[in-house]
Amino acid sequence: MQALVTTGRGQLELELTDVPTPRPRSNEALVELAATSLNAGEVRNIAKSPAGTVLGWDVAGTVVEAAADGTGPAIGTRVVGLVGEGAWAARVAVPTHALGVVPDAVTFSEAAALPIAGLTAWRALELGGLLLGRRVLVTGGAGGVGRIAIQLAHRAGAQVTAVVGRPERAEGLAALGADTVAIGIEDAHDTYDVVLESVGGASLTHALNHLAEQGILVTYGRSSHEAGSVDPTWFLTHSGAAMVGLLVFTEVEQRRLGTAQLDQMMQLIANRRLDPQVSLEVSWRDATTAAQALMDRRVAGKAVLHVD
3 MQALVTTGRG
13 QLELELTDVP
23 TPRPRSNEAL
33 VELAATSLNA
43 GEVRNIAKSP
53 AGTVLGWDVA
63 GTVVEAAADG
73 TGPAIGTRVV
83 GLVGEGAWAA
93 RVAVPTHALG
103 VVPDAVTFSE
113 AAALPIAGLT
123 AWRALELGGL
133 LLGRRVLVTG
143 GAGGVGRIAI
153 QLAHRAGAQV
163 TAVVGRPERA
173 EGLAALGADT
183 VAIGIEDAHD
193 TYDVVLESVG
203 GASLTHALNH
213 LAEQGILVTY
223 GRSSHEAGSV
233 DPTWFLTHSG
243 AAMVGLLVFT
253 EVEQRRLGTA
263 QLDQMMQLIA
273 NRRLDPQVSL
283 EVSWRDATTA
293 AQALMDRRVA
303 GKAVLHVD
């Protein structure tokens with residue numbers, strides 16, 4: 003089968019080549035890939051990985067071999083899911099607890115944009131508890147996770163502030179449910195009950211200092227590549243507040259985040275109550291170009307690759 007593999011040249015380069023078809027474990031279904039999306043974390047690994055590595059997390063396609071243990075969807079089912087590595091391939095073995103069903107009203111492109119971004123946003127907001135009337139701050143508001151988080155928080159009744167790095171990145175966020183858009187973290191002056199933090203560095207420090215009593219900050223990224231600092235006295239002046247780290251793969255494996263949440267979000271998309279914000283769609287033959295656009299922050303939302 004064909005797959006996108008790294009070249010090992012230390013560049014943001016991918017090439018299509020033949021690789022062995024995976025052999026699913028008993029709890030895995032074999033999925034024929036129709037589309038996948040790009041996430042900043044995996045794209046950063048392209049230049050770092052040895053030649054021939056098949057990266058990729060998000061999977062959308064059709065089951066061609068059901069799990070041997072009888073769990074999960076049957077052959078022919080349209081599905082969406084995620085894996086720790088290997089999604090950029092014509093066929094992917096996916097654990098059934100990380101698979102959801104794609105309704106007929108949802109395209110593979112829409113589905114492919116959801117797994118990592120959607121599950122991260124869902125779990126981060128879930129950690130914040132009841133959101134009705136609460137003040138939620140979303141850094142990286144123009145990204146894939148941010149755009150889904152804004153919509154979910156708004157639908158849950160929160161007052162949402164989104165943070166973006168440049169004025170043009172704010173376009174469309176109010177329509178998604180952002181009550182306020184801050185251009186730069188310094189413009190986020192309020193006190194927040196729940197913070198979704200993906201930037202790190204100065205953004206993390208600022209957000210912590212604007213966390214309300216009993217508030218929670220969920221950190222799941224460091225797109226700035228800057229090290230953040232926390233004054234030990236913060237824990238004294240913010241008694242009852244909490245900072246929690248979130249890695250979606252850990253949540254999927256240890257807490258079985260996956261099927262139920264993917265199914266619910268698929269229904270939201272089918273009912274047009276959630277927009278996965280796909281803004282770039284290309285053939286996987288143009289994956290390198292799409293990856294570069296994502297790294298240059300020229301993608302407002304999600305970039306999707308179609309298998310053709």
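Take the sequence shown: its letters are residues 3 to 310, numbered as in the numbering used here. All residues carry an ideal CB built from backbone N, CA and C; glycine is no exception.
- Item | Straight-line Cα distance separating D181 from A272 | 25 Å
- Considering only C-alpha positions, which residue in the set L57, I185, V309 and A115 is nearest to V147? A115
- Are the beta-carbon atoms belonging to G83 and P117 less than 9 Å from one another? Yes, the Cβ-Cβ distance between G83 and P117 is below 9 Å.
- Message: Please classify M267 as buried or exposed, where buried requires at least 16 neighbouring CB atoms within 10 angstroms.
- Response: That one is buried.
- When you compare only the Cα positions, how much space is there between D189 and P97? Each residue's alpha carbon lies about 42 Å from the other.
- Query: If you run the structure through DSSP and keep just helix, strand and coil, what is T208?
  - Reply: In the sequence on display, residue 208 carries His and not Thr. In the structure shown, H208 sits in a helix (DSSP, three-state: H, G or I).
- So, do the region 72 to 81 and the region 123 to 139 have three or more beta carbon pairs nearer to each other than 8 Å? no
- Query: What is the DSSP secondary structure of E215, counted as helix, strand or coil?
  - Reply: strand
- Item | Inter-residue CB distance, V66 and R93 (contact presumed, cutoff 8 Å) | 7 Å
- For L206, which residues from the same chain have a beta carbon less than 6 Å from its beta carbon, with the 5 sequence-adjacent residues on both sides left out? E199 and G230
- Are the beta-carbon atoms belonging to I218 and V250 less than 9 Å from one another? no
- Query: For D195, which option in T290, E253, A151 and V162 has the closest C-alpha, if you only look at C-alpha atoms?
  - Reply: V162
- Item | Top-ranked residue by Cα proximity to D106, from K304, T291, G260 and R274 | R274
- Query: Using a Cβ-Cβ cut-off of 6 Å (strictly less than) and excluding sequence neighbours within five positions of W124, which residues of its own chain qualify?
  - Reply: Q263
- Task: Classify G12 as buried or exposed, calling it buried when 16 or more other Cβ atoms lie within 10 Å of its own Cβ.
- Result: exposed
- With V45 as the anchor, note down where its alpha helix (DSSP H) starts and where it stops. A42 to R46
- Query: According to DSSP, is R171 helix, strand or coil?
  - Reply: Reduced to three states, the DSSP call for R171 is helix.
- Query: In this structure, what does DSSP give as the bridge partners for I185?
  - Reply: For I185, which the question treats as bridged, DSSP gives the partners V166.
- Item | Uninterrupted beta strand (DSSP E) stretches inside the region 227 to 278 (no shorter than 3 residues) | 244 to 247
- I think G242 touches S226, with their Cβ atoms under 8 Å apart; what is that distance to the nearest whole Å? That belief does not hold up - the Cβ atoms of G242 and S226 are roughly 28 Å apart, past 8 Å.
- Item | Simplified DSSP state of T97, which is helix, strand or coil | The residue you asked about is not Thr; residue 97 is Pro in the sequence shown. Of the three classes helix, strand and coil, the one that applies to P97 here is strand, per DSSP.
- Message: So, under 8 Å CB-CB, S39 and V306 are touching, yes? Tell me the CB distance rounded to an integer number of Å.
- Response: 5 Å
- Any idea which residues DSSP pairs T221 with across the strands? For T221, DSSP records a beta bridge to E199 and G247.
- Task: Please name the residue in K304, Q294, V301 and G74 whose C-alpha comes closest to that of E15.
- Result: Q294
- Message: Tell me the DSSP secondary structure of H308 in three-state form.
- Response: strand
- Item | Exposure of G223, with buried meaning 16 or more beta-carbon neighbours within 10 Å | buried
- Item | Own chain partners of V254 with C-beta closer than 6 Å, once the 5 adjacent residues on each side are dropped | A100 and G260
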